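This report concerns only the one structure given below.
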Amino acid sequence: MAEGWSFASAREPAKFGCAEQRDSPEVEHARTSTADSFFCGLPRAVTLCGLAEEEFVAILRHFEPDAEHACPRCRAEALSAPTVPCGQERLYDRVLEAAPSPLLTRLLQALCTGAELGIWINGPAEMQAIYAHLDRITEGRDALLPLLTGRDYVGVARVSHPTGEFIVVLPESNKPVIAWAATNTSAPVLSTNISHGQGDPPPGRMCRP
4 MAEGWSFASA REPAKFGCAE QRDSPEVEHA RTSTADSFFC GLPRAVTLCG LAEEEFVAIL
64 RHFEPDAEHA CPRCRAEALS APTVPCGQER LYDRVLEAAP SPLLTRLLQA LCTGAELGIW
124 INGPAEMQAI YAHLDRITEG RDALLPLLTG RDYVGVARVS HPTGEFIVVL PESNKPVIAW
184 AATNTSAPVL STNISHGQGD PPPGRMCRP
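If you want the working numbering, it's the 1-based position in the sequence shown plus 3.
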């Protein structure tokens with residue numbers, strides 16, 4: 004990670020889906036959604052230049068403002084859009100809901116300093132289990148297992164650490180659960196080496212003033 008890394012310095016350009024106008028497919032547009040509900044509570048899709056959903060076809064990739072065929076207005080709107088939190092900050096905010104533990108504290112510390120996100124995917128639990136590296140987990144495996152069966156949607160994130168990786172499961176309707184997979188399985192579990200001083204900041208304020 005770069006020296007001086009922070010959530011503020013790591014903010015990313017906003018990303019938008021790509022779309023083609025039905026009667027002018029040679030031009031690519033930036034696709035987003037409105038705040039108002041359209042169908043079954045879902046937001047209505049629009050482009051940044053104002054095309055309505057029925058006027059375009061969605062393409063399964065991101066809009067590229069610098070692309071040769073990008074709509075000029077969508078390009079300008081996309082480039083001027085506010086930046087968004089990086090993956091580390093988004094995951095940090097999600098895991099704050101997890102039960103307090105030394106492992107949570109260490110994960111938050113790692114995210115604050117820019118630890119690499121190895122993966123963060125979402126889908127049916129039984130299909131995401133393979134990404135949780137269950138065979139490598141040395142702490143917290145039993146708590147993860149019930150969340151990785153069935154078809155409920157869950158997120159699985161892995162956060163790299165010099166001595167292993169954090170495995171985070173993010174159920175839609177329950178609190179996140181954190182486990183630890185050590186690189187050296189004969190080494191002590193990560194949480195046994197964590198000290199908690201009286202001056203430690205509350206988890207939610209580690210990275211923010």
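Where a beta carbon is used, it is the ideal one built from N, C-alpha and C, also for glycine. Note that the coordinates shown come from a computational prediction; the quantities given were computed from them, not determined experimentally.
Bridge partners for residue i per DSSP, in chain order?
| i | result |
| --- | --- |
| Thr50 | Arg34 |
| Gln24 | Ser27 and Phe59 |
| Arg161 | Ile122 and Ile170 |
| Val87 | Glu15 |
| Ala184 | Glu168 |
Between the C-alpha atoms of residue i and residue j, what's the straight-line distance to the nearest angstrom?
| i | j | result |
| --- | --- | --- |
| Ile197 | Arg109 | Summary for Ile197: the model assigns pLDDT 40, below 50, so the residue's position carries little reliability, and this model does not support an answer. |
| Gly200 | Val30 | With a pLDDT of 39 at Gly200, under the threshold of 50, the modelled position of that residue is not reliable, and no figure is offered here. |
| Pro103 | Glu56 | 44 Å |
| Cys77 | Ala146 | 46 Å |
| Ile181 | Tyr156 | 17 Å |
| Ser163 | Phe169 | 7 Å |
| Met130 | Arg154 | 8 Å |
Does the separation of the CB atoms of residue i and residue j fall below 8 Å?
| i | j | result |
| --- | --- | --- |
| Leu114 | Tyr95 | yes |
| Thr141 | Ala101 | no |
| Phe19 | Ala81 | yes |
| Gly143 | Leu106 | yes |
| Asn125 | Gly90 | no |
| Thr166 | Trp8 | no |
Measure how close the beta-carbons of residue i and residue j come, nearest whole angstrom, since I'm counting them as under 8 Å.
| i | j | result |
| --- | --- | --- |
| Val98 | Ala17 | The pair is not a contact, with the Cβ atoms about 23 Å apart (cut-off 8 Å). |
| Ile62 | Ala33 | Actually they do not touch by this definition, with Cβ atoms about 11 Å apart. |
| Ala135 | Val172 | 7 Å |
| Ala160 | Ile122 | 7 Å |
Query raised in the report: Using 8 Å as the Cβ pair cut-off and three pairs as the minimum, do the region 61 to 74 and the region 143 to 155 touch?
Result: Counting Cβ pairs under 8 Å, fewer than three are found: no touch.
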